[in-house]
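Numbering (our numbering), first residue to last: 1 to 282.
Right, dumping it as structure tokens:
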């Protein structure tokens with residue numbers, strides 16, 4: 001049974017216009033693609049996370065609600081769609097992510113750079129939530145060369161659970177992405193996140209947090225895994241809010257500048273607020 005602390009409330013009058021715009025204009029978002037439980041809360045605040053490079057992912061992570069399979073060609077109008085949606089939202093801070101495109105020679109890094117530059121030309125700050133690019137430093141550098149304001153890469157779960165939960169990804173490679181970003185751009189805020197409730201134990205969780213922080217990562221998000229579809233892995237536990245609060249405190253003790261930890265926290269939730277927290281601290 002889902003506990004009371006998982007319940008989401010929202011103002012339907014504020015949600016409707018954003019949901020309607022997304023549908024009418026075929027705006028691709030991870031909010032809808034991954035069936036995020038927080039999407040109504042974010043829509044009410046006129047926030048969303050754009051998902052570029054199509055709707056189908058070449059990887060098969062057991063937790064993710066995004067469609068899997070062979071992707072189509074990259075939409076030539078994708079950048080325009082994002083720019084128009086950002087203007088309609090009145091956004092001054094945009095989170096940009098993508099499906100993983102192992103089928104593309106550059107893994108989609110070029111498209112990330114194009115959209116980031118276009119947004120920045122309009123005075124919009126950009127947080128890029130990137131795939132691992134198989135650890136290729138050249139591709140990571142191509143994204144950094146577009147000068148995003150934050151670059152995020154999610155670890156998602158503990159090292160012990162990678163074979164079962166992320167069978168086409170590698171824990172060490174994901175850590176290396178965060179390390180590479182800091183090595184190439186020491187001044188650039190980096191961010192990562194992971195989920196609880198899929199079989200991890202607290203010793204593993206603390207080890208994961210230590211590993212993330214060892215890369216120099218500045219921002220951390222921790223949330224509850226919620227099964228998005230019948231095909232995804234089962235929820236093993238609903239973690240109590242007190243545990244999330246304890247982990248948030250531990251994150252700050254490790255030296256993270258901004259930490260959000262709670263059952264309904266997702267990697268892009270309140271992203272602008274966390275970026276400002278890092279900016280003001282620095």
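Don't be surprised by glycine CBs; every beta carbon is placed ideally from N, CA and C.
Checklist entry - With 16 other CB atoms within 10 Å as the buried threshold, where does residue 78 fall? => result Walking along the chain shown from the start, residue 78 turns up at place 78. With 16 or more other Cβ atoms within 10 Å, it is buried.
Checklist entry - Exposed or buried, residue 153, counting other C-beta atoms within 10 Å across all chains shown (16 or more means buried)? => result Taking the first residue of the chain shown as 1, we reach residue 153 at position 153. So residue 153 counts as buried.
Checklist entry - Using 8 Å as the threshold, is the stretch 141-148 in touch with the stretch 111-126, meaning 3 or more CB pairs across them? => result Touching, yes.
Item to check | Per DSSP, the bridge partner or partners of residue 93 | outcome: Within the chain shown, the letter at position 93 stands for residue 93. Beta-bridge pairing links residue 93 to 125.
Checklist entry - Can you list, in chain order, the stretches of the beta strand (DSSP E) that have 3 or more residues and sit fully within the stretch 26-113? => result Counting whole runs of 3 or more residues, the stretch 26-113 contains the beta strand (DSSP E) stretches 49-52, 93-98.
Item to check | Cβ shell of residue 199 (< 7 Å), same chain only, five flanking positions each side left out | outcome: For this step, residue 199 is matched to residue 199 along the chain shown. Only 161, 236 meet the Cβ criterion.
Next on the checklist: If you reduce the DSSP assignment to three classes, tell me which class residue 235 lands in.
Outcome noted: Counting from 1 along the chain shown, the entry for residue 235 is found at position 235. Note: residue 235 maps to coil in three-state DSSP.
Checklist entry - Under the DSSP definition of a beta bridge, which residues are partnered with residue 196? => result Counting from 1 along the chain shown, the entry for residue 196 is found at position 196. Residue 196 pairs with 224.
Checklist entry - Among residues of its own chain, excluding the 5 on either side of residue 241, which ones have a beta-carbon nearer than 7 Å to its beta-carbon? => result For the purposes of this step, residue 241 is taken as the residue at position 241 of the chain shown. Same-chain partners within the cutoff: 5, 262, 263.
Checklist entry - Is it true that the stretch 165-175 meets the stretch 51-65, where meeting means three or more beta-carbon pairs spaced less than 8 Å apart? => result Under the Cβ criterion (8 Å, minimum of three pairs), the stretch 165-175 counts as touching the stretch 51-65.
Item to check | Nearest-angstrom beta carbon gap, residue 102 and residue 139 [assumed within contact, 8 Å] | outcome: Along the chain shown, one-based indexing puts residue 139 at 139. Along the chain shown, one-based indexing puts residue 102 at 102. Separation of the CB atoms of residue 139 and residue 102 is rounded to 12 Å, and the pair is thereby denied contact status at 8 Å.
Item to check | Closest by C-alpha distance to residue 227, when choosing among 91, 26, 35, 72 | outcome: On the chain shown, residue 227 is found 227 positions in, with the first residue counted as 1. Checking every option, the nearest Cα to that of residue 227 belongs to 35.
Next on the checklist: According to DSSP, simplified to helix, strand and coil, what is residue 261?
Outcome noted: Walking along the chain shown from the start, residue 261 turns up at place 261. Note: residue 261 maps to strand in three-state DSSP.
Item to check | Boundaries (first-last residue) of the alpha helix (DSSP H) holding residue 245 | outcome: The residue labelled residue 245 in the question sits at position 245 within the chain shown. Counting along the chain, the alpha helix (DSSP H) containing residue 245 begins and ends at 241-254.
Checklist entry - When we look at the beta-carbon of residue 234 and count the other beta-carbons within 10 Å, is it buried (16 or more) or exposed? => result If you number the chain shown from 1, residue 234 lands on position 234. By the neighbour-count criterion, in which 16 or more other beta carbons inside 10 Å mark a residue as buried, residue 234 falls on the exposed side.
Checklist entry - So who's on the other strand from residue 219, going by DSSP bridges? => result Position 219 of the chain shown, counted from the start, is the residue given in the question as residue 219. By DSSP's assignment, residue 219 forms a beta bridge with 191, 258.
Item to check | Cβ neighbours of residue 197 in the same chain (closer than 7 Å, five flanking residues each side left out) | outcome: Stepping through the chain shown from its first residue, residue 197 is reached at position 197. When the five nearest sequence neighbours on each side are left out, the beta carbons in the same chain lying within less than 7 Å of the beta carbon of residue 197 are those of 224, 225, 235, 236, 237, 238, 239, in order along the chain.
Checklist entry - Between which two residues does the beta strand (DSSP E) harbouring residue 152 extend? => result Start at 1 with the first residue of the chain shown, and residue 152 comes out as number 152. Here the beta strand (DSSP E) through residue 152 covers 150-152.
Checklist entry - Thinking C-alpha only, which one of 203, 216, 194 is nearest residue 266? => result For the purposes of this step, residue 266 is identified with residue 266 of the chain shown, where counting begins at 1. Put simply, of 203, 216, 194 the residue whose alpha carbon is nearest the alpha carbon of residue 266 is 194.
Item to check | Residue nearest to residue 151 in terms of C-alpha spacing, selected from 96, 124, 104 | outcome: Here the question's residue 151 lines up with position 151 in the chain shown. Per the C-alpha coordinates, the member of 96, 124, 104 positioned closest to residue 151 is 96.
Item to check | Euclidean distance between Cα positions of residue 8 and residue 38 | outcome: Numbered from 1 along the chain shown, position 8 holds the residue referred to as residue 8. Numbered from 1 along the chain shown, position 38 holds the residue referred to as residue 38. Cα to Cα, residue 8 sits roughly 7 Å from residue 38.
Checklist entry - From this set, 135, 220, 86, 99, which residue's C-alpha is nearest residue 120's C-alpha? => result Stepping through the chain shown from its first residue, residue 120 is reached at position 120. The shortest C-alpha separation from residue 120 is found at 86.
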